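Take a look at the structure set out below.
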Amino acid sequence: MKLFWSIVLFWVGIFVSGERLNENATNYWSELCPKECRSCRIDQTRRNLTIDCSNSLLEEVPLISREISLNSSSVTLDVRNNSIRVIPAVEDNLGFGLINKLLLDGNEIDALNVASLHVNLSFVSMTYNKLHQLEDTFVDHALKTKTLREIVLINNSWPCECHLAKQMVRLGTKFKQFRVPTCTSGQRLIDLNRSCITKVMFLMVLGSVLFTLTITFSALYIRHRHSIKVRLFSLQICLGFVSHEEPDAALLPFDAFISYSHRNDQFIVNELIPTLEKAPHSYKLCSILTQNFIPGDPIPTEQFEQAIRSSRRTIIYITKQYLQSQWTLTSFRTTFESALTRSRLIVILAEDVEKFDELRTSLRSKTLLERDDPFLWQKLLYAMPHRSAALMRKHRREQSERTRKQTELLREKNRAREAKRLADVVL
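Under mature numbering (1 follows the signal peptide of the UniProt record, and there is no 0), residues -18 to -1, 1 to 409 are what the sequence shown spells out, in order.
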């Protein structure tokens, strides 16, 4: 009987001692507990301390004593459902650096940075905040921190951006239970990342295609740029790009001097001169067989040179007859060389002229046209002095206006003719 009561008294003593210890521990943490918080509870079994500051109308995380964790194995800070906007840095709140689990759900935090994490954190929950950006440094730090095992970021104002989606996927590679958030459109960021990868691949392919096309068209343009400019000039398109005025345009009396054999005057008089003299170009020409030279006198070398010096271009129509009568003349060779040195020589070769090496060598880098070329006139007009782009555009407008008036006049005549026909039918 005495033994029984001894055992009872032993356990009663232990119970009373434990209650006193609990009371002393509660008093200890109560003294260290932030005054803004509701309570500080300790789990005696696991020695887990919970600092409960939820629903306390807080606008910032309260200051936490460094001694609060001395008799506990882990510390949980519960600041849910407040109006906290910023997570404090450790140097501003030393006790905050001792927190192991951080519950920040239902606050107004809008950004995360490296200072938001410290080495003791193992769990962070930040649902129902206003998070909309995630710095690269934060993600890198979170991936390198060994103690951090879980982070919850769902139900925030995440924008639907490819870079953000990529960062979320990176976080998911470390945290196995990581729940990838949705963006403002309701799309999961992991799905957005897949579409972004597809878009990037498409843009890369498109960029490669555009680069290849640019290189190809550039090479084609470099190779055929003269033909392109001739075509644009003939169509009166992009005149500011293909047309250029010459500084001596107003100083010389003639636009071109034409040299040819009198046996070929059919082509010159009926085709070449009318083409050059008609609008909008209206070139002023000097010909060896026109009134610009003294009738009846032989044409000396001085007259050739004077005609060349007075003209912005020298056009030579070379045929067999021309070569037979003039090519071997020493005086004309001098004139021809004078035209070459001016770099403004235009040569038209007839179909019956063989392109022998001497002629080809002499005309290298000059404007050499062929009589049977289907684009002869376009190339010839482009090689002639260019009128101002403004003047050409004005002429084009005037031509369009004349065409419009002629069309309207034709329509009026047709209507009058039709009205007369109907009147005759009625009668």
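From the three backbone atoms N, C-alpha and C, an ideal C-beta is built for every residue, glycine too. Since we're looking at a predicted model, the values are computed, not measured.
Does the contact criterion of 3 or more C-beta pairs under 8 Å hold for the stretch 102 to 115 versus the stretch 134 to 154?
yes
Would you decide whether residue 349 is buried or exposed? Buried here means 16 or more other CB atoms lie within 10 Å of its CB.
buried
When DSSP labels each residue in this structure, what does residue 170 get in the three-state scheme?
strand
From the DSSP output, in three-state form, read off residue 357 for me.
coil
Secondary structure of residue 290, DSSP reduced to three states:
helix
Specify, as a first and last residue, the run of the beta strand (DSSP E) that residue 31 falls within.
30 to 34
Close-in-space but distant-in-sequence residues of the same chain around residue 91 (CB under 8 Å, 5 per side omitted):
66, 67, 68, 69, 108, 111, 112 and 113
Got a sec? Which residues, its chain only, sit under 6 Å from residue 276 by beta carbon, not counting five neighbours each side?
With a pLDDT of only 48 at residue 276, under the threshold of 50, the placement of this residue in the model should not be trusted; the figure read from the coordinates follows. Same-chain partners within the cutoff: there are none.
Answer yes or no: do residue 12 and residue 31 have a C-beta to C-beta separation smaller than 8 Å?
no
How big is the Cα-Cα spacing for residue 156 and residue 95?
18 Å
Could you give the DSSP three-state label for residue 71: helix, strand or coil?
coil
Answer with buried or exposed for residue 399, where buried requires no fewer than 16 other C-beta atoms within 10 angstroms of its C-beta.
exposed
Buried or exposed by the 16-neighbour rule on C-beta atoms within 10 Å, applied to residue 364
buried
Consult DSSP for residue 201 and reduce its assignment to one of helix, strand or coil.
helix
Which first and last residues belong to the alpha helix (DSSP H) in which residue 121 is found?
118 to 126
The beta strand (DSSP E) with residue 83 in it runs from where to where?
83 to 85
Could you check what DSSP says for residue 403 in three-state terms: helix, strand or coil?
helix
Can you tell which of 159, 158, 163 and 134 has its C-alpha closest to the C-alpha of residue 148?
163
So if DSSP puts residue 296 in a beta bridge, which residue, or which two residues, is it bridged to?
239 and 327
Exposed or buried, which one is residue 326 when buried takes at least 16 other CB atoms within 10 Å?
buried
Taking residue 103 and residue 119 to be in contact with their CB atoms under 8 Å, please state how far apart those CB atoms are, rounded to whole angstroms.
About 16 Å; that fails the 8 Å criterion.
Of the listed residues 257, 33, 335 and 20, nearest to residue 39 (C-alpha basis):
20
Assuming the contact rule is C-beta atoms closer than 8 Å, residue 83 and residue 55 should be a hit. Round their C-beta distance to whole Å, please.
Contact doesn't hold; Cβ gap of about 12 Å is too wide.
Let's test the definition: count the other Cβ atoms within 10 Å of the Cβ of residue 199 and tell me whether it reaches 16, buried, or not, exposed.
exposed
Would you kindly check if the distance between the Cβ of residue 264 and the Cβ of residue 303 is under 8 Å?
no
Spatial neighbours of residue 256 in its chain, beta-carbon cut-off 8 Å, leaving aside the 5 residues before and after:
none
Classify residue 406 as buried or exposed, calling it buried when 16 or more other Cβ atoms lie within 10 Å of its own Cβ.
exposed
By the DSSP assignment, the alpha helix (DSSP H) with residue 151 in it spans what residues?
144 to 156
Would DSSP call residue 26 helix, strand or coil?
coil
Quick test of your reading: residue 240 and residue 297, contact by CB under 8 Å. State the CB separation rounded to the nearest angstrom.
5 Å
What whole-angstrom Cβ distance do residue 412 and residue 106 have, given they're in contact under 8 Å?
Beyond the ends of the chain as shown, which are -18 and 409, falls residue 412; an answer cannot be given.
When you measure from the CB of residue 182 to every non-hydrogen atom of the ligand ADP, does any distance come out below 7 Å?
You won't find the ligand ADP in this model; it holds no ligand whatsoever.
Cutting at 8 Å between CB atoms, please list the residues of its own chain near residue 86, excluding the five before and the five after it.
61, 62, 66, 69, 106, 107, 108 and 111
I'd like the list of long-range same chain contacts for residue 132, defined as Cβ closer than 7 Å, with 5 residues on each side in sequence excluded.
105, 157 and 159
Straight-line Cα distance separating residue 98 from residue 126
14 Å
Per the DSSP calculation, residue 93 is bridged to which residue(s)?
115
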